[in-house]
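Residue numbers 704 to 1012, in the working numbering, belong to the letters of the sequence shown in order.
Taking it in order: structure first as structure tokens, then the write-up.
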Amino acid sequence: MNSKLRIAVVGIGGVGGYYGGKLAQRYADSEDTEIIFIARGKHKEEIQTNGLTINVGSSKFTVKPDLVTDDVAGLGKLDIIVFCVKSYSLDKIAEDFRPSIDESTFLLPLQNGIESIEYLDKLYPAAKLLWGCVYIISSVGAPGVIEVKGEYNRLVWGNPELPVKELDRIHKLFTDAGIISELYSDIVVKVWNKFSFISPVATLTSAIGKTMGEIYENAELKENLRILMRELLAVAHAKGVEIEASIIDTNMKILGKLPKDATSSMQRDFMNNNQTELETLIGYIVREAQKSKVETPLFSKLYGQLKSK
Ligand SMILES: NC(=O)C1=CN([C@@H]2O[C@H](COP(=O)(O)OP(=O)(O)OC[C@H]3O[C@@H](n4cnc5c(N)ncnc54)[C@H](OP(=O)(O)O)[C@@H]3O)[C@@H](O)[C@H]2O)C=CC1
Ligand SMILES: CC(C)(CO)C(=O)C(=O)O
């Protein structure tokens, strides 16, 4: 019988490459923990042959997990699954994990937004769902290579309804791997806090094609961003999430500290004609507003514009 703790990281892109890389660096080849990467194509082949190299600021490390595969069906029971694909890829792959998931499996989705978490909760109601989000700027540089900007990244996660002892064990597992792990009992608010920044910023930058600095320095655009944040908060409050109004000022301060030429990843996806996370970052707010009969005129207008882009 396999008594190892079995962890799968699904999607070895910017996020999965960094967090999977840290886990593999600490636990691959260990006696008690198995690290599995779900990757595909040339990226998978490169990781299998030469390992995954992670460049973080001025340092770098290369890892080889215990297994790299695109064959989810044959994996067997898993203990922790960290979903790091883009939100639009989640439903395609999440279903394939059914034989690996039972009531003791932890699921940790790290997509931006709320919808992926709600989606996995509905798909696997018996599993132990963790809420999570990450503060990192990272991407695939080349097959087998991950580029992370800056040295300081945070993994924010938790679920107050699950036993503290089990959460503490995962927290130790992450921390021992060198991951900055922040375990919160008010995790729902923490994930909405991040969403209250990224959703309005992604919406406005993508709709008008301006950088974060250009928005911050223009009073009218800045007010539009505040309006989007207020609309998002109204939706959160209607859903019973106790997010504080002061998060808007906090978000504006964060925006002011970012490089003037910073763009959002959705804005870059629109510019490069790539598939985007429009539905989970923006469409979700519009749909939830309709369900709760909350008015979100600016979100609705910009969502309509972006949908037809
Ligand atoms: N990157 C960042 O800095 C941040 C990202 N986020 C969020 O994290 C999430 C992930 O983003 P990010 O890491 O940037 O995305 P990436 O596109 O860099 O990574 C996703 C990876 O998943 C792979 N993938 C998709 N489907 C499959 C599949 N069926 N089998 C195997 N591999 C698959 C993709 O492979 P392929 O290339 O072949 O499609 C890609 O390597 C998003 O929701 C994003 O908004 C949040 C904060 C910061
Ligand atoms: C805010 C940022 C840049 C990094 O956390 C991000 O999440 C994104 O652009 O999608």
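Glycine included, C-beta positions come from ideal geometry on N, C-alpha and C.
Small disclaimer: the values here were computed from a predicted structure and weren't measured.
Check whether the Cβ atoms of L813 and L823 lie closer than 8 Å to each other.
Numbered from 1 along the sequence shown, position 110 holds the residue referred to as residue 813. Numbered from 1 along the sequence shown, position 120 holds the residue referred to as residue 823. The criterion of a C-beta distance shorter than 8 Å is not satisfied by L813 and L823.
Given that a residue counts as buried once 16 or more other Cβ atoms are within 10 Å of its Cβ, and exposed if not, what is A727?
One-based indexing of the sequence shown puts residue 727 at position 24. Buried, because 16 or more other Cβ atoms sit within 10 Å of the Cβ of A727.
Taking the C-alpha atoms as reference points, what is the distance between A905 and E734?
Here residue 905 corresponds to residue number 202 of the sequence shown, with the count starting at 1. Here residue 734 corresponds to residue number 31 of the sequence shown, with the count starting at 1. Cα to Cα, the separation comes out at about 43 Å.
Let me make sure I understand the geometry here. Which of L865, S803, L958 and F764 has the alpha-carbon closest to that of G777?
Against the sequence shown, residue 777 aligns to sequence position 74. If we check each option's Cα against that of G777, S803 comes out closest.
Provide the residue span of the beta strand (DSSP E) that contains R709, from first to last.
For the purposes of this step, residue 709 is taken as the residue at position 6 of the sequence shown. In the DSSP assignment, R709 falls within the beta strand (DSSP E) that extends over L708 to V713.
Nearest to V759 (by Cα), restricted to the options Y730, H746 and Y721
In the sequence shown, residue 759 corresponds to position 56, counting from 1. Measuring C-alpha to C-alpha distances from V759 to each of Y730, H746 and Y721 identifies Y721 as the nearest.
Exposed or buried, E991, counting other C-beta atoms within 10 Å across all chains shown (16 or more means buried)?
By 1-based counting over the sequence shown, the position of residue 991 is 288. Counting Cβ neighbours within 10 Å, E991 comes out buried, since at least 16 surround it.
Contact belief for I715 with I739 at Cβ below 8 Å, rounded distance in angstroms:
Walking along the sequence shown from the start, residue 715 turns up at place 12. Walking along the sequence shown from the start, residue 739 turns up at place 36. About 11 Å; that fails the 8 Å criterion.
I want to see whether chain D comes within less than 8 Å of Y822, judged by CB atoms only; does it?
Absent here is chain D; the protein component of the structure consists of one chain.
What do you reckon, are the CB atoms on D782 and D732 nearer than 8 Å?
Counting from one through the sequence shown, the residue named residue 782 turns up at place 79. Counting from one through the sequence shown, the residue named residue 732 turns up at place 29. Contact check for D782 against D732 fails: the beta carbons are separated by 8 Å or more.
Going straight from the alpha carbon of M704 to that of V851, what length do you get?
Start at 1 with the first residue of the sequence shown, and residue 704 comes out as number 1. Start at 1 with the first residue of the sequence shown, and residue 851 comes out as number 148. In this prediction, M704 scores a pLDDT of 46, lower than 50, which makes its location untrustworthy; the coordinate-derived value is nonetheless stated afterwards. Cα to Cα, M704 sits roughly 38 Å from V851.
Rounded to whole angstroms, how far is the Cβ of Y827 from the Cβ of R857, which I believe are closer than 8 Å?
Counting from one through the sequence shown, the residue named residue 827 turns up at place 124. Counting from one through the sequence shown, the residue named residue 857 turns up at place 154. Contact doesn't hold; Cβ gap of about 26 Å is too wide.
Apart from the five residues on each side of it in sequence, which residues of its chain come closer than 7 Å, Cβ to Cβ, to I957?
Residue 957 sits at position 254 when you count from the first residue of the sequence shown. If the five residues before and after I957 are omitted, its C-beta is found closer than 7 Å to the C-beta atoms of F900, all from its own chain and listed in chain order.
For R933, the nearest candidate out of M969, I988 and V894 (CA to CA)
Walking along the sequence shown from the start, residue 933 turns up at place 230. Shortest Cα-Cα distance from R933 to any of M969, I988 and V894 involves I988.
Report buried or exposed for K789, applying the criterion of at least 16 other Cβ atoms within 10 angstroms of its Cβ.
In the sequence shown, residue 789 corresponds to position 86, counting from 1. Taking all protein chains in view, the Cβ of K789 is crowded by 16 or more other Cβ atoms within 10 Å, so the residue is classified as buried.
Between which two residues does the alpha helix (DSSP H) harbouring E749 extend?
The count along the sequence shown starts at 1 and reaches residue 749 at position 46. Here the alpha helix (DSSP H) through E749 covers G744 to N753.
Going by C-alpha distance, which of Y1006, I741 and K725 is nearest T772?
Within the sequence shown, the letter at position 69 stands for residue 772. Taking each of Y1006, I741 and K725 in turn and checking the Cα distance to T772, the smallest one comes out for I741.
Touching by the beta-carbon criterion (3+ pairs, under 8 Å), the segment 888-900 and the segment 950-967
Proximity of the segment 888-900 to the segment 950-967 meets the contact definition, three or more beta-carbon pairs being nearer than 8 Å.
Cβ separation of P846 and K745, assumed to be a contact under 8 Å, to the nearest whole Å
Taking the sequence shown and counting its residues from 1, the one referred to as residue 846 is at position 143. Taking the sequence shown and counting its residues from 1, the one referred to as residue 745 is at position 42. Right, the Cβ-Cβ distance comes to about 4 Å (below 8 Å), so this counts as a contact.
With DSSP collapsed to three states, give me the class of L810.
Along the sequence shown, one-based indexing puts residue 810 at 107. Here L810 sits in strand by DSSP.
On the DSSP letters alone, give me the boundaries of the beta strand (DSSP E) that K763 sits inside.
Along the sequence shown, read from residue 1 onward, the residue named residue 763 stands at position 60. Residues S762 to V766.
For a test of the three-state rule: what should DSSP assign to E864, helix, strand or coil?
Counting from 1 along the sequence shown, the entry for residue 864 is found at position 161. E864 falls in the coil class under three-state DSSP.
Here's the rule I'm using: 16 or more other beta-carbon atoms within 10 Å means buried, otherwise exposed. How should P903 be labelled?
Translated into positions along the sequence shown, residue 903 becomes position 200. The residue is buried, with at least 16 neighbouring Cβ atoms inside 10 Å.
How big is the Cα-Cα spacing for K767 and T756?
For this step, residue 767 is matched to residue 64 along the sequence shown. For this step, residue 756 is matched to residue 53 along the sequence shown. Their Cα atoms are separated by approximately 9 Å.
With DSSP as the reference, label L935 as helix, strand or coil.
By 1-based counting over the sequence shown, the position of residue 935 is 232. Of the three classes helix, strand and coil, the one that applies to L935 here is helix, per DSSP.
From which residue to which residue does the alpha helix (DSSP H) around I1019 run?
This structure does not reach residue 1019, given that the chain is present from 704 up to 1012, and the question cannot be answered.
What residues match up with T736 in a beta bridge as DSSP calls it?
On the sequence shown, position 33 is the one that residue 736 refers to. T736 pairs with L708.
Selection from V892, G816 and L931 that minimises the alpha carbon distance to A910:
As a working note, residue 910 is residue 207 in the sequence shown. Among V892, G816 and L931, the Cα nearest to that of A910 belongs to L931.
Assign V771 to one of three DSSP states: helix, strand, or coil.
Counting from one through the sequence shown, the residue named residue 771 turns up at place 68. Here V771 sits in strand by DSSP.
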